[in-house]
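Chemist: One line per chain: the protein sequences are A and B, in this order.
The numbering of the first sequence is the working numbering, which starts it at 864 and goes up by one.
The numbering of the second sequence is the working numbering, which starts it at 86 and goes up by one.
Think of the CB as a built atom: it goes at the ideal place given N, C-alpha and C, for glycine as much as any other residue.
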Amino acid sequence: MATLKEIKVRIHAVKSTQKITKAMKMVAAAKLRRAQERITSARPYALKLNELLTQLLSTTDKIVNPLMEKRVGGNVLVVLVTADRGLCGSFNTNLIKAAATHLQSLGSSAQLICIGKKGFDIFKNRDVNLVESYTGVFNNLNIDLSNEIVNRIVKGYLNREYDRVEIIYNEFKSVMKQIVKIEQFLPLVRKEKSKDEKSKKLDYIYEPDVESILNDIIPKQLNIQLWKSMLESNAAEQGARMTAMEMASKNASDLIKELDLLYNRARQEAITKEILEIVSGAEALKES
Amino acid sequence: MEKLLDLEIVSPTAKVFSGKIKTIIAPGSLGGFQVLFNHAPLVSTLNVGKLKLVDENDKEKLYAISGGILEVNNNKVSVLAETIETPEELNIERIKAAIARYEDILHRKEEGTDPEQIRLLLKLEYNRLSLLNKLGLN
């Protein structure tokens, strides 16, 4: 049986852990709100750009940009977006598991770029083709860096280092739920248009011309696609952390309750023992 | 009825402007152009330059834009800007410092830098500076 003091120390330890988890939960909640705001502010741009792109592509069947061209080669680059930090439940674990399985299915020629420290930590020691990694990205999430990564990916693609690029990231569904997503990044995904969309095609003036505009738009589309994935991942991470810390705080509460009970029982036992000792001492004195 | 256009300016990080305007003047890649009421449908790429609009209260607004795309359709104008700033957001000290730094890099041909890239960045900073100069805010 643990002594009173031991139990007291444990209660204290659990309480201070709970303080930390509670604080982390609040921080995650605040960061989540910011992350969601960022997603919301990126949305109108992404929507409009996509609309324009679809419309421009519907005017021409030619492949005007090498980034649109489907290649026969099977070399795939996987871009994995994980978090920089842990303590967010199964956020990273699920993602890394999915990435590992996916990489395996692609064979040994597959290459990998890691965004986020957690993915890098795992894959640097594994037998994979890690060509580049970006860590410490999410602390100060910044669109310039995202664009830089896109430039790096596009450059390698144009140099034919790989024939297809895929992004794996966690999509933010709700605070409780993240979905591991595997999305094609390059070549550009061409959406099939419905018939009525085609019929409402307008006679636009294109300045300078469709091809130049497409060449201008496509890199922008890629930039926003990666940026959006990173924002989604960031929001999902904060959501996952919030939930995980909520659970941890709850577990700590349960533990404290249990320990309190134990403490009280031990205290009572000690008091009973003491009284018994006094009483029996008094009895002994009376008899003598 | 007043002849107004709906305008929306968006960038990847923010919705910059949304409202009714009388006209907009944009730095098109084939030269600057102005959009007035009942302009024909148009899609144009934009250069680095100044975007000027006149809102419904006849107030002028100026922005420094680093390129983008402008679409006009049925009196709705959408501007997709790469980056866009109002004069209030710009800091003259920062711009001057950035210009000096980039000039220095170009001058010394610093290793590991792409001169094309630096020249582009320099162009953006000069654009911002000229916007402030125009407004006499420097």
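How is I1068 of chain A classed by DSSP in three states: helix, strand or coil?
Modeler: Here residue 1068 of chain A is taken as the residue at index 205 of the first sequence, counted from 1. It is a strand residue.
Chemist: In this structure, does DSSP put R1053 of chain A in helix, strand or coil?
Modeler: Here residue 1053 of chain A is taken as the residue at index 190 of the first sequence, counted from 1. In the structure shown, R1053 of chain A sits in coil (DSSP, three-state: anything other than H, G, I, E or B).
Chemist: Using a threshold of 7 Å, is the CB atom of V95 of chain B nearer than that to any non-hydrogen atom of the ligand ADP?
Modeler: Among the components of this structure there are no ligands whatsoever, and the ligand ADP is therefore not found.
Chemist: Distance cutoff 8 Å, beta carbons only. Does K911 of chain A sit that close to anything in chain B?
Modeler: Your numbering for residue 911 of chain A matches position 48 in the first sequence. So, interface residue.
Chemist: Less than 7 Å between C-beta atoms, sequence neighbours within five positions excluded: which residues of the same chain meet that for L205 of chain B?
Modeler: Numbered from 1 along the second sequence, position 120 holds the residue referred to as residue 205 of chain B. Closer than 7 Å at the Cβ level, and outside the excluded window around L205 of chain B, lies no residue.
Chemist: Check for me: the alpha helix (DSSP H) holding R934 of chain A runs from which residue to which?
Modeler: Reading the first sequence from its first residue, position 71 is the one you call residue 934 of chain A. No alpha helix (DSSP H) holds R934 of chain A; DSSP gives it neither H nor E.
Chemist: Please look up how many angstroms separate the CB atoms of L207 of chain B and I180 of chain B, rounded, as I've assumed it's under 8 Å.
Modeler: Against the second sequence, residue 207 of chain B aligns to sequence position 122. Against the second sequence, residue 180 of chain B aligns to sequence position 95. That pair is no contact at about 11 Å.
Chemist: Let me know the secondary structure DSSP gives E1152 of chain A once reduced to three states.
Modeler: No information on residue 1152 of chain A is available, as it lies outside the stretch 864 to 1151 that chain A covers here.
Chemist: What do you get for T923 of chain A, buried or exposed, if any count of 16 or more other CB atoms within 10 angstroms of its CB means buried?
Modeler: Locating residue 923 of chain A in the first sequence gives position 60, counting from the first residue. When all chains shown are included, T923 of chain A counts as exposed.
Chemist: At least one CB of chain B closer than 8 Å to the CB of S1062 of chain A: is that the case?
Modeler: Taking the first residue of the first sequence as position 1, residue 1062 of chain A is located at position 199. Bear in mind that a pLDDT of 45 at S1062 of chain A, under 50, signals an unreliable position, so the number given afterwards is only what the model happens to contain. Judged by the 8 Å Cβ criterion, S1062 of chain A is not in contact with chain B.
Chemist: Going along the segment 136–167 of chain B in order, which residues come within less than 7 Å of chain A, judged by CB to CB distance?
Modeler: Flagged, chain order: I154, E156, N158, S163, L165.
Chemist: Here's the rule: buried if 16 or more other CB atoms are within 10 angstroms of the residue's CB, otherwise exposed. What is T884 of chain A?
Modeler: Counted from its first residue, the first sequence places residue 884 of chain A at position 21. Under this definition T884 of chain A is a buried residue.
Chemist: For K208 of chain B, would you say it is in contact with chain A, using Cβ-to-Cβ distances shorter than 8 Å as the test?
Modeler: Here the question's residue 208 of chain B lines up with position 123 in the second sequence. No, K208 of chain B does not count as interfacial toward chain A.
Chemist: Could you say if the segment 105–114 of chain B and the segment 134–151 of chain B meet the contact criterion of at least three C-beta pairs nearer than 8 Å?
Modeler: Because the criterion of three Cβ pairs below 8 Å is met, the segment 105–114 of chain B and the segment 134–151 of chain B touch.
Chemist: Could you round the C-beta distance between V944 of chain A and M1093 of chain A to whole angstroms and report it? I think they count as a contact, below 8 Å.
Modeler: As a first step, residue 944 of chain A must be located in the first sequence, where it is residue number 81. As a first step, residue 1093 of chain A must be located in the first sequence, where it is residue number 230. Between M1093 of chain A and V944 of chain A the Cβ distance is about 6 Å, and since that is below 8 Å, they are a contact.
Chemist: Three-state secondary structure (DSSP) at L175 of chain B?
Modeler: Start at 1 with the first residue of the second sequence, and residue 175 of chain B comes out as number 90. Coil.
Chemist: Less than 8 Å between the C-beta atoms of V120 of chain B and V157 of chain B, yes or no?
Modeler: As a first step, residue 120 of chain B must be located in the second sequence, where it is residue number 35. As a first step, residue 157 of chain B must be located in the second sequence, where it is residue number 72. Cβ atoms of V120 of chain B and V157 of chain B: closer than 8 Å.
Chemist: Please name the residue or residues paired with S996 of chain A in a DSSP beta bridge.
Modeler: If you number the first sequence from 1, residue 996 of chain A lands on position 133. A:C977, per the DSSP bridge assignment.
Chemist: Evaluate K868 of chain A with the Cβ neighbour count: other Cβ atoms within 10 Å of its Cβ, from every protein chain shown; 16 or more gives buried, anything less gives exposed.
Modeler: Your numbering for residue 868 of chain A matches position 5 in the first sequence. K868 of chain A should be labelled exposed.
Chemist: Please confirm if S1092 of chain A has its CB atom under 8 Å from at least one CB of chain B.
Modeler: As a first step, residue 1092 of chain A must be located in the first sequence, where it is residue number 229. Judged by the 8 Å Cβ criterion, S1092 of chain A is not in contact with chain B.
Chemist: Measuring alpha carbon to alpha carbon, tell me which of A:V1038, A:K981, A:K1120, A:N1114 ends up nearest R1104 of chain A.
Modeler: Position 241 of the first sequence, counted from the start, is the residue given in the question as residue 1104 of chain A. It is A:V1038 whose Cα lies nearest to the Cα of R1104 of chain A.
Chemist: So for D91 of chain B, helix, strand or coil by DSSP?
Modeler: The residue labelled residue 91 of chain B in the question sits at position 6 within the second sequence. Three-state DSSP puts D91 of chain B in a strand.
Chemist: So with Cβ pairs under 8 Å, would you call T198 of chain B a contact of chain A?
Modeler: Start at 1 with the first residue of the second sequence, and residue 198 of chain B comes out as number 113. Chain A, which has no Cβ nearer than 8 Å to the Cβ of T198 of chain B, makes this no.
Chemist: Is P907 of chain A buried or exposed, if buried means 16 or more other CB atoms sit within 10 Å of its CB?
Modeler: As a working note, residue 907 of chain A is residue 44 in the first sequence. By the 10 Å Cβ count, P907 of chain A comes out buried.
Chemist: From R1023 of chain A to S904 of chain A, what distance separates their C-alpha atoms?
Modeler: What you label residue 1023 of chain A is simply residue 160 of the first sequence in a count that begins at 1. What you label residue 904 of chain A is simply residue 41 of the first sequence in a count that begins at 1. Cα-Cα distance, rounded: 34 Å.
Chemist: Under a Cβ-count criterion, where at least 16 other Cβ atoms within 10 Å of its own Cβ denotes burial, should K981 of chain A be classed as buried or exposed?
Modeler: Counted from its first residue, the first sequence places residue 981 of chain A at position 118. Result: buried.
Chemist: Report the residues of the segment 105–135 of chain B with a CB closer than 7 Å to any CB of chain A, ordered along the chain.
Modeler: Going along the segment 105–135 of chain B in chain order, one finds G113, S114, L115, A125, P126, L127, V128, S129, T130 with a Cβ nearer than 7 Å to chain A.
Chemist: If I measure Cβ to Cβ from K933 of chain A and keep anything under 7 Å in the same chain, skipping five residues before and after, which residues do I get?
Modeler: Position 70 of the first sequence holds residue 933 of chain A. Closer than 7 Å at Cβ, skipping near neighbours: P1050.
Chemist: Shorter than 8 Å from the beta carbon of A183 of chain B to some beta carbon of chain C?
Modeler: The structure shown has no chain C; the protein chains it does contain are A and B.
Chemist: If you draw a straight line from the alpha carbon of C977 of chain A to that of T998 of chain A, how long is it in whole angstroms?
Modeler: Locating residue 977 of chain A in the first sequence gives position 114, where the first residue counts as 1. Locating residue 998 of chain A in the first sequence gives position 135, where the first residue counts as 1. For C977 of chain A and T998 of chain A, the distance between alpha carbons rounds to 8 Å.
Chemist: Are the CB atoms of I1068 of chain A and A125 of chain B within a distance shorter than 8 Å?
Modeler: Position 40 of the second sequence, counting from 1, holds the residue named residue 125 of chain B. Position 205 of the first sequence, counting from 1, holds the residue named residue 1068 of chain A. Closer than 8 Å, so yes.
Chemist: What residues in its chain sit with their C-beta under 8 Å from that of I902 of chain A, if we drop five residues either side in the sequence?
Modeler: As a working note, residue 902 of chain A is residue 39 in the first sequence. Excluding positions up to five away in sequence, the list reads F1035, K1091, L1094, E1095, A1098.
Chemist: Verify the CB distance criterion: does S1075 of chain A have a CB-CB separation below 8 Å to chain B?
Modeler: The residue you call residue 1075 of chain A lines up with position 212 of the first sequence. Cβ-Cβ to chain B under 8 Å: yes for S1075 of chain A.
Chemist: Tell me whether A892 of chain A sits in a helix, a strand or coil according to DSSP, three-state version.
Modeler: Position 29 of the first sequence, counting from 1, holds the residue named residue 892 of chain A. Note: A892 of chain A maps to helix in three-state DSSP.
Chemist: Do I169 of chain B and L217 of chain B count as a contact pair if the criterion is CB distance below 8 Å?
Modeler: The residue given as residue 217 of chain B occupies position 132 in the second sequence. The residue given as residue 169 of chain B occupies position 84 in the second sequence. It is not a contact, given that the beta carbons lie outside the stated cut-off.
Chemist: Looking at the strands, I want to know which residues DSSP matches up with F118 of chain B.
Modeler: Counting from 1 along the second sequence, the entry for residue 118 of chain B is found at position 33. Answer by DSSP bridge pairing, in chain order: B:A111.
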